[in-house]
Structure formats: C-alpha cells, structure tokens
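Residues in the sequence shown are numbered consecutively from 207, following the numbering used here.
Think of the CB as a built atom: it goes at the ideal place given N, C-alpha and C, for glycine as much as any other residue.
Worksheet: one structure, shown below.
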Amino acid sequence: MQLKFILNKEEKIWDVQPEEKFLDLLRKNGYLGVKYGCGSGNCGTCTIILDGKAIYSCLLLAPQVQGKKVITIEGLEQEELDLLQESFIEVGAMQCGYCTSGMILSAKALLLKKNNPALEEIKTALTGNLCRCTGYVKPLKAILKVIEKGKLNV
Ligand code: FES
Ligand code: FES
C-alpha cells in the first residue's frame, strides 16, 4: 500500500506493508533519531509527535499514520537547534542519549499545547519516557529553563 503523510513538514509517499511498525519504517528511511528500546510500549525511546500528541511509534502500524502529521527529533532542528535541544545540552541532561529524543518530543508536545505548564504537568508528560542513566532531574531542569526563558519556538 502507499502511505501518504506529512513528516517534519514535508509530504511523503512511501510504499509500505500494512503490518509494518511505524518505528521500523522511520528507521528504515533514515530517521534514526527515533530509537528502538523495548518495542512494546514500555520505554518511550520511540516517541514521535503525531497530530500534536506524543505517541509511541512502536505501537503504531503504518496505515494508522495515513494522512497525519508526524514530527520526529529531526524535524525540530531547522536552521538551528530547537530551544529544548539547546537546553538539554546546556544542562547536560543526557549521558548515553538513548532516551533523549523521546524526552524532548514528549516535552515539545506538552509545550505545543501549553506554553507555561506546571511542574506536575511536565512530570506527567515525561512519565512514559524511561532513562537508565541521567535520571529525571536534569531533563526537568532543562525543560523548566526553556519555559522560564519565556521565548518558546514551539
Ligand atoms: S520502543 Fe516504543 S515504547 Fe519502547
Ligand atoms: S541518557 Fe541514557 S537512557 Fe537516558
């Protein structure tokens, strides 16, 4: 089947198998910022933004993306890094970086909805993103720093 959708603001038409996982499809097409962790909806490394919501791409089949808008971590960086990306670097909110794309996209989806979320809302938005190295304090600091700057490029 043909899958027609918007990926990082560009229209894509890809030949796909209906049973293909969207995570596999993205990686096969070079979008390697989306990571394979558990493959079963338990870790968040495969998070993307689908029509404005943070979603696990390992739980999506290709046909479920038909006609929708997808943002991956590659779509955040335009001429310069997104403020969230910059802030994660400044704060040192990563070690191996395996969870980082997912965390940033979960935060981005929240900020797209609400530009001044409360701490509890940020924590809730990140509950689906597990980190085995840095933990959660530094990513929270990085996100709060962006909100405090008050100039979101969302
Ligand atoms: S790989 Fe999708 S949630 Fe773990
Ligand atoms: S930085 Fe390594 S899993 Fe989070």
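How would you write the range of the alpha helix (DSSP H) that residue i sits in, first residue to last?
{"i": "Leu-257", "result": "Correcting the residue type first, residue 257 is Asp in the shown sequence and not Leu. Counting along the chain, Asp-257 falls outside any alpha helix (DSSP H), and DSSP gives it neither H nor E."}
{"i": "Val-276", "result": "Careful: Val-276 lies outside any alpha helix (DSSP H), inside the beta strand (DSSP E) at 275 to 277."}
{"i": "Lys-351", "result": "343 to 355"}
{"i": "Gly-382", "result": "One cannot answer for residue 382 here, as it falls past the ends of the chain, which runs 207 to 360."}
{"i": "Ala-331", "result": "325 to 331"}
Please report how far the alpha carbon of residue i lies from the alpha carbon of residue j, in whole angstroms.
{"i": "Val-222", "j": "Asn-214", "result": "19 Å"}
{"i": "Leu-238", "j": "Lys-259", "result": "20 Å"}
{"i": "Thr-306", "j": "Leu-267", "result": "23 Å"}
{"i": "Asp-257", "j": "Glu-283", "result": "18 Å"}
{"i": "Val-297", "j": "Gly-308", "result": "17 Å"}
{"i": "Glu-280", "j": "Phe-211", "result": "16 Å"}
{"i": "Ala-331", "j": "Ile-219", "result": "31 Å"}
According to DSSP, is residue i part of a helix, a strand, or is it coil?
{"i": "Gln-208", "result": "strand"}
{"i": "Glu-286", "result": "coil"}
{"i": "Val-360", "result": "Model confidence at Val-360 stands at a pLDDT of 45, short of 50, so the residue's coordinates are unreliable and nothing is read from them."}
{"i": "Glu-225", "result": "coil"}
{"i": "Lys-234", "result": "helix"}
{"i": "Leu-265", "result": "helix"}
Whose C-alpha, out of the options, is nearest the C-alpha of residue i?
{"i": "Tyr-304", "options": "Glu-225, Cys-249, Asp-230", "result": "Cys-249"}
{"i": "Pro-269", "options": "Gln-208, Lys-351, Leu-350, Gly-356", "result": "Gln-208"}
{"i": "Leu-318", "options": "Asn-335, Ile-349, Gly-334", "result": "Ile-349"}
{"i": "Pro-323", "options": "Asn-335, Thr-333, Glu-354", "result": "Glu-354"}
{"i": "Ser-312", "options": "Arg-233, Tyr-262, Val-271", "result": "Tyr-262"}
{"i": "Lys-344", "options": "Gln-272, Ile-295, Lys-227, Leu-287", "result": "Ile-295"}
Mind reading off the beta-carbon distance from residue i to residue j? Whole number of angstroms is fine, and I expect it under 8 Å.
{"i": "Ile-255", "j": "Val-276", "result": "7 Å"}
{"i": "Leu-346", "j": "Lys-314", "result": "Their Cβ separation, rounded to whole angstroms, is 15 Å, which puts Leu-346 and Lys-314 out of contact at 8 Å."}
{"i": "Cys-244", "j": "Gln-301", "result": "About 19 Å separates the two Cβ atoms, so there is no contact after all."}
{"i": "Ser-293", "j": "Val-240", "result": "Actually they do not touch by this definition, with Cβ atoms about 21 Å apart."}
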